[in-house]
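Numbering (this note's numbering), first residue to last: 1 to 438. Each residue gets a CB set at the ideal place from its N, CA and C atoms; glycine is no exception. A short worksheet on the structure shown next.
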Ligand SMILES: NC(=O)c1ccc[n+]([C@@H]2O[C@H](COP(=O)([O-])OP(=O)(O)OC[C@H]3O[C@@H](n4cnc5c(N)ncnc54)[C@H](O)[C@@H]3O)[C@@H](O)[C@H]2O)c1
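In structure tokens form, the structure reads like this:
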């Protein structure tokens, strides 16, 4: 199959590289010339484990190429995937579909006489229909079919997720789209990955319902963690105890500072807007969003409380800024709420993140970015573990304590066993496991 991938961000680049690994011939297109230049030179513009090797191998084999020229990229393509951003629209929280529609227009103009446009971007229900309308308007003579193929990969394990997904969802309205997607995903169906064919609207709703459900689980366990703290229970034990129930499952039951990232915050908001437009009350999703917003702010209060009720004039050392480990993505990271709240309360903030500091520096003015963990904690009045990068999992606690002016350690990811660390650091505060020491 000959595939064009429009947009080479986290989803487009990973999907394009993985399709080429399947043996398809893939051209990745992006309008950002600097990104394409770097890709052509063998550099990967984002941090995603394993991606550099995958791209290099397939580029060398001649199956993966890069261009800024969309018309050249879609030449002869059997399928053109749209993987451009769909951020929250400023002001109202609807998904901003302007990039998707602009891409659809350009694709329809340049597409061969017969091809399938596949929406991989996360888009509200009805978008495939609108893309089809655009294609008919721009290129009435062409046999262009439109499909919806939402992506479920997670940053940080994106290649594994793409290569071994729990399922692939394909929303189609005709045989041309069905046959093309079947052929593209054949390497996965041979491995018995379930390939689910649905109506396009169903596929579009599946993506939002999946993300909303996972967000619900996170907000749920965060609220249970608050209760555990008050009643002297251990949320880790509770999560294990409920997660072993197969109807519930163990995943996404880790309490923390609230969900962030490029998907859950914007997708829950967009889903609420779709519901509102259709006069349906999604009260559980609305509560989830509210709990999560409040959670991020409450984490700053928790740090302030651990510092004795005030951080004015104090220095806080933050470990981890990205919304989760193994990515450099800072979109909607909890740090973007917590750090400014600490600064507003008078704190000076120092930070270290293995991959996120470049992106974070532009978003968190006034934060001193440090070269390593111990530099971030040097002379600080408190350490805050905000993102559970592997290299924060085995800190030298003696050294941490030595570096800190006052031994306060706020672990927002419950990385350390309470018994192990509360002795080493006089004031150790974690989530949902015990009342705050102090
Ligand atoms: N990031 C994730 O983990 C993830 C997971 C699943 C689904 N998604 C969804 O996938 C979509 C893409 O997300 P992302 O994180 O990869 O976005 P991104 O912002 O990292 O990348 C989008 C890319 O598209 C390019 N682009 C925009 N318009 C273009 C055009 N007309 N022609 C060529 N290139 C164009 C941009 O320059 C950018 O490089 C979104 O809808 C997102 O919700 C993301």
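Start-to-end residues for the beta strand (DSSP E) that takes in residue i
| i | result |
| --- | --- |
| residue 82 | 79-82 |
| residue 427 | 427-429 |
| residue 2 | 2-6 |
| residue 26 | 25-29 |
| residue 188 | Segment 186-190 is the alpha helix (DSSP H) holding residue 188; no beta strand (DSSP E) there. |
| residue 309 | Here residue 309 belongs to no beta strand (DSSP E), and DSSP marks it neither H nor E. |
Range of the contiguous alpha helix (DSSP H) that encloses residue i
| i | result |
| --- | --- |
| residue 348 | Looking at the DSSP string, residue 348 is not in any alpha helix (DSSP H); the run it does join, the beta strand (DSSP E), is 348-352. |
| residue 211 | 200-231 |
| residue 153 | Premise fails: residue 153 is in no alpha helix (DSSP H) and is neither H nor E. |
| residue 127 | 127-138 |
| residue 285 | 283-306 |
| residue 237 | 235-243 |
| residue 421 | 418-424 |
| residue 333 | First-last for residue 333: undefined, no H or E at that position. |
| residue 19 | 10-21 |
Proximity below 8 angstroms, CB of residue i to CB of residue j
| i | j | result |
| --- | --- | --- |
| residue 235 | residue 393 | no |
| residue 429 | residue 415 | no |
| residue 475 | residue 299 | Shown here, the chain extends from 1 to 438; a query on residue 475 therefore has no answer. |
| residue 27 | residue 86 | no |
| residue 373 | residue 351 | no |
| residue 440 | residue 10 | With the chain covering 1 to 438 only, the question about residue 440 has no answer from this structure. |
| residue 107 | residue 70 | yes |
| residue 200 | residue 128 | yes |
| residue 176 | residue 148 | no |
| residue 386 | residue 320 | yes |
| residue 22 | residue 39 | no |
| residue 18 | residue 242 | no |
| residue 68 | residue 36 | yes |
| residue 212 | residue 138 | no |
| residue 303 | residue 400 | no |
| residue 134 | residue 168 | no |
| residue 325 | residue 390 | yes |
| residue 256 | residue 421 | no |
| residue 218 | residue 259 | yes |
| residue 315 | residue 380 | yes |
| residue 180 | residue 78 | yes |
| residue 313 | residue 346 | yes |
| residue 182 | residue 15 | no |
| residue 425 | residue 407 | yes |
| residue 330 | residue 363 | yes |
| residue 83 | residue 12 | yes |
| residue 227 | residue 252 | no |
| residue 80 | residue 111 | yes |
| residue 382 | residue 305 | no |
| residue 94 | residue 270 | yes |
| residue 336 | residue 311 | no |
| residue 20 | residue 64 | yes |
| residue 327 | residue 156 | yes |
| residue 124 | residue 204 | yes |
| residue 3 | residue 25 | yes |
| residue 361 | residue 353 | no |
Cross-strand partners of residue i (DSSP beta bridge)
| i | result |
| --- | --- |
| residue 88 | 95 |
| residue 171 | 148 and 198 |
| residue 119 | 82 and 148 |
| residue 34 | The partner list for residue 34 (beta bridge, DSSP) is empty, contrary to what the question assumes. |
| residue 317 | 350 and 383 |
| residue 114 | 143 |
- What are the complete alpha helix (DSSP H) segments, minimum 4 residues, inside the segment 50-76? 51-60 and 70-74
- Enumerate, from N- to C-terminal direction, the unbroken beta strand (DSSP E) stretches of 3 or more residues contained entirely within the segment 337-411. Those beta strand (DSSP E) runs which fall completely within the segment 337-411 and span 3+ residues are 348-352, 382-385 and 408-411.
- Item | Complete runs of the alpha helix (DSSP H) confined to the segment 245-281 [at least 4 residues] | 264-277
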